[in-house]
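>
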Amino acid sequence: MLAKTLMQGCQQLHSIIELNNLQALFKSFHTLSGVAVTFTDINGNLLYNSDGSHFGAGWAHACTHFHRQCESTKKNCIISDTYLAAHLKGGKDYAIYTCLNGLVDIAVPVHYKRKHIGNLFSGQFFMQTPDIDNYASIADKYGFNKLEYLASIKSIKVFSQEKVDSIVTFLKSLAKMIVSSADQHKWQKVNGETISYNTPSNIAFNKRNEILTTTLLSLEDYIYSLDTNDCFETMYTHFRIGLLEDNYDNIKGKHFTAIKIDQQFKRRLSRTISNVKLNNKAESFYFQLYSRYPGQQFKATVACRRNSHNQFGGTTLHIRNITHEASAYDEVKKLMHIVDQSPVAIVITDSDANIEYTNECFTRNTGYKFEEVKGKNPRILKSGATSTAAYNALWQTISKGRTWKGTFQNKRKDGSFFWEDCIISPVLKEGLITHFVAIKEDVTEHKAMEEELMRYKNKLEGRVIEQRKLLQQTRHDYKEIVEHLSGIVWEVDMRGIIQFVSPNIYRYSNYQVEELIGQPMHYLFDSELHGKLFKFISTFHLYPHEFNDFEVFLDKSHKRTYLKASGKPIYNKRGVLQGIRGISLDITQQKEQDKQIVSAIWDAEERQRTRISMELHDSIGATMSAISMYMNTLNTQYPHNKLLQQVDSIVKQTANDIRLVARELKPPELETLGLAESLNAIQLLYSKFDKLNIKFLTDNLTKEPGKEVQLSIYRIVSELISNSIKHGKADSMTVNLFNYNGEIFLLYEDNGHGNFCLDNSLKSAGMGIKNIMTRVRTYGGACQFFPIKGFGLIVGIQLKY
């Protein structure tokens, strides 16, 4: 029946096209190029000659004798035909498709008087060498004669992309040639129609009909039209094989209850059609076709149609395959379950900061259920402790598409206060912010521990201050006693020549009084103090004053004694400055106590850093890894979903930030690999920033110090790099570490602006520089800063160990 219909179509084409000449042209083209070519109807069906043979030339033996003879492989051929025909109906000027049997097909539409009358079809070739083993397995699977089948596969041509482009160009030219010689009157006579393209109403109607039909056929759905008696009238779909049947002609005109399909589906459809007729309102239901498509899920929608008199004209049945959507929904449910059970609070708002989602941890932390905060602004948690300026800075940051991090003191539903560490990130879609995601951790206990640690630190510092005040208070009363017992009384003129020194100088140095009188001051002290002494005398010339904090040291038999000098200027009777008189007290024990106090504070800080680092890594890090795993699963299933990709990027960036913070709090290399490798880890960390160039020179560090000194050097280097980047605007830094004469030297250079003033004391320094100087002096070292405006900063540090 189908062949007879297609032969009739061939006879109709005879009325406008000289098919005999076209057949001869096809054969000549095949002989010259080896490319098969034929003519199909608008649905992609092959045409037949009156003798039953295929119209065209060069049809591949593998297709005619194998692929189209087996029902399973024939379906692959039909899918290819359907794909090509559907794309040409959609207005494409050509279509190329690699069928499921592995062969490449090409189709070009032929339009006559604006009507799509057929397609020029070419193909059945390869664009790369075929996998013979694969085709051998196909022969075994479908019972083909393997030798004959493989011989037919090997005989098929392999064409390059350039050859394929030439074939497309030829078919387009051939289509134009065909219609240019067509006989319009014979076409109209055979079809019994008068084509008038000048009538506006006809043009508009045909255009709407063409758009509607093309749209329906392009949908990856099944649309059935049922008449008033619930019998099938028409089907629209670009699939060749129907959903409820293999061939639509088998059910056309039949009542839906008479088709061979699952009874459950027919019962659901019957009930839904009855409801739609009664309520005149579309209704949907979900179903599965276990007999035809096991494991797949579908959604059916039934709607009424009305005729021009607003009378019931039948129903439309729209069926969509939602298997992938249902699977994606299940994955999202799994992800949402993970988010709901997360140990940190998660809040999602729209672009105006109205809450759209909170998880269970949010309710535990705040006391608010989701229903109580839905649609509200997170400001309902404000405690008043955070300034308006801070909130404005937060909003400006996230409004620009950047992530904000910080800590809030918020208020629970019951009025109690709590602390939260918060990370807020915008969700972008095509460059526009659609939502904000906040990840919040209750750190109230951590905050209490930090405050306790700070109170302990302040208490220790207060004790130090009290001790120093006590020393200052008793210095005057004790001065005379110290002169004879433990203090060194001395006097120098304005040239720095020693005029007097108490006899107990020998307890702290290798000299007797007689050896020192008349000698310059630097004769008594180590060479590394000469510059300091010269600067002191030079300054005293310009500004004579009393002092009580000038520190020096004396060495005797490899034992170092630290001294703090107090003094005042000496004037003669005429008021002329003559020199300086002072007393130096032994503060070695005090410095050791200070060192122990500072070390205790640092130890407490390091323990706190370690605890926070472990909690970040083990708790929040594990949660973010789980979220990232499910995001990867979703991205694999939906590689083109931009929203998933953006959420995945935010999740990965957040996880990476957590790892960086944990690593900075407690560098793992310092415990296992030592100082040099830890500094190299810093270099690797900053190497992720394209514009930063950090170089570490540690080849001459032949002997590493103890763990405490290593940690101090690591913190010093980290602080220097951070200051160079933040304040010096530097992008290139060099750190040179080396041993010399039992000491460690650190030479640091950057290329920042060098535009700041520093007098190498704790008075004019910021917190970072003060931390550096404190660490250096704790270990009996020295530190010098040399800022050079326009060229950068040079820092020299000497540490003993």
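With positions in the sequence shown counted from 1, the corresponding number in our numbering is that position plus 1377.
Heads up, the beta-carbon is just placed ideally off N, CA and C, and yes, glycines get one too.
A quick note: this is a predicted structure, and the numbers were derived from the prediction, not measured.
#1: Can you name, in chain order, every residue of its own chain whose Cβ lies under 6 Å from the Cβ of Leu2062, other than the five neighbours on each side?
#2: Can you tell me whether Asp1713 is buried or exposed, with buried defined as 16 or more other CB within 10 angstroms of its CB?
#3: Using alpha carbons as the reference points, say which of Gln1400, His1812, Thr1678, Leu1603 lies closest to Ile1725.
#4: For the alpha helix (DSSP H) that Arg1644 lies in, which residues bound it at each end?
#5: Under 7 Å Cβ to Cβ from Gln2175, same chain only, skipping five residues before and after it: list those, please.
#6: Determine which residues share a DSSP beta bridge with Tyr1663 and list them.
#7: Give a yes or no on whether the C-beta atoms belonging to Ala1760 and Thr2000 are separated by under 7 Å.
#8: Expressed to the nearest angstrom, what Euclidean distance is found between the alpha-carbon atoms of Ser1595 and Tyr1601?
#9: Count the other CB atoms, across all protein chains shown, that sit within 10 Å of the CB of Gln1966; report buried if there are 16 or more and exposed otherwise.
#10: Using 8 Å as the Cβ pair cut-off and three pairs as the minimum, do the stretch 1832-1844 and the stretch 1736-1754 touch?
#11: Between which two residues does the alpha helix (DSSP H) containing Phe1747 stretch?
#12: Hey, out of Gln2022, Ile1842, Ala1942, whose CA is closest to Leu1805's CA?
#13: CA-CA distance, Gly1959 and Leu1893?
#14: Can you list, in chain order, the residues of its chain whose CB lies under 8 Å from that of Cys2186, leaving out five sequence neighbours each side?
#15: Closer than 6 Å by C-beta to Thr2079: which residues in its own chain qualify, once you throw out the five before and the five after it? Chain order, please.
#16: In terms of alpha-carbon separation, which member of Leu2097, Thr1605, Leu2052, Arg2092 lies closest to Asn2077?
#17: With C-beta atoms as the reference, is Phe1785 less than 7 Å away from Asp1819?
#18: Answer with buried or exposed for Leu1551, where buried requires no fewer than 16 other C-beta atoms within 10 angstroms of its C-beta.
#19: Mind checking who Arg1683 pairs with in its DSSP beta bridge?
#20: DSSP three-state call for Pro2164: helix, strand or coil?
#21: Below 8 Å on the Cβ atoms is my contact criterion, and I expect Thr1649 with Phe1662 to pass it. Report the Cβ-Cβ distance as a whole number of Å.
#22: Could you pull the start and end residues of the beta strand (DSSP E) that Asp1791 belongs to?
#23: Going by beta-carbon coordinates alone, are Ala1439 and Ile1530 separated by less than 7 Å?
#24: Between the alpha carbons of His1488 and Val1556, how many angstroms are there, rounded?
#25: I need the DSSP call for Asp1729, collapsed to helix, strand or coil.
#26: In the structure shown, what three-state DSSP assignment does Thr2000 receive?
#27: Any idea if Glu1829 is buried or exposed, counting beta-carbon neighbours within 10 angstroms, 16 or more meaning buried?
#28: Could you name the residues of the same chain whose beta carbon sits closer than 8 Å to that of Lys1746, not counting the 5 residues immediately before and after it, in chain order?
#29: For Thr2208, which option in Ser1668, Thr1506, Phe1521, Thr1693 has the closest C-alpha, if you only look at C-alpha atoms?
#30: Cα-Cα, which of Lys1643, Met1554, Thr1780, Thr1743 is closest to Leu1399?
#31: Check each candidate in Glu1733, Thr1735, Val1866, Ile1723 and name the one with the smallest Cα separation from Ile1800.
#32: Roughly how many angstroms separate the alpha carbons of Ile1842 and Asn1731, rounded to a whole number?
#33: How would you call Lys1941, buried or exposed, if buried means at least 16 neighbouring beta carbons within 10 angstroms?
#34: Bridge partners of Ala1942, per DSSP?
#35: Can you look up Ser1802 in the DSSP assignment and give me helix, strand or coil?
#36: Can you tell me which of Tyr1667, Ile1947, His1695, Asn2128 puts its alpha carbon nearest to the alpha carbon of Glu1923?
From the atom records:
#1: none
#2: Per the sequence presented here, residue 1713 reads as Met, with Asp not at that position. The residue is exposed, with fewer than 16 neighbouring Cβ atoms inside 10 Å.
#3: His1812
#4: 1640-1656
#5: Glu2120, Phe2122, Gly2158, Ala2159
#6: Lys1676
#7: Going by the sequence as given, residue 1760 is Ser instead of Ala. No, these two residues do not count as a Cβ contact at 7 Å.
#8: Annotation note: pLDDT 48 at Ser1595 (below 50); position unreliable, coordinate value reported separately. Cα to Cα, Ser1595 sits roughly 15 Å from Tyr1601.
#9: exposed
#10: no
#11: 1747-1750
#12: Gln2022
#13: 16 Å
#14: In the structure as shown, the chain begins at 1378 and stops at 2178. Residue 2186 is therefore absent and cannot be evaluated.
#15: Asn2116
#16: Leu2052
#17: no
#18: buried
#19: Phe1689
#20: strand
#21: 6 Å
#22: Taken as a continuous stretch (DSSP letters only), Asp1791 belongs to no beta strand (DSSP E), as it is neither H nor E.
#23: yes
#24: 7 Å
#25: coil
#26: helix
#27: exposed
#28: Thr1740
#29: Outside the modelled stretch of the chain, which goes from 1378 to 2178, sits residue 2208, for which no answer is possible.
#30: Met1554
#31: Ile1723
#32: 52 Å
#33: buried
#34: Phe1927, Ser1961
#35: strand
#36: Ile1947
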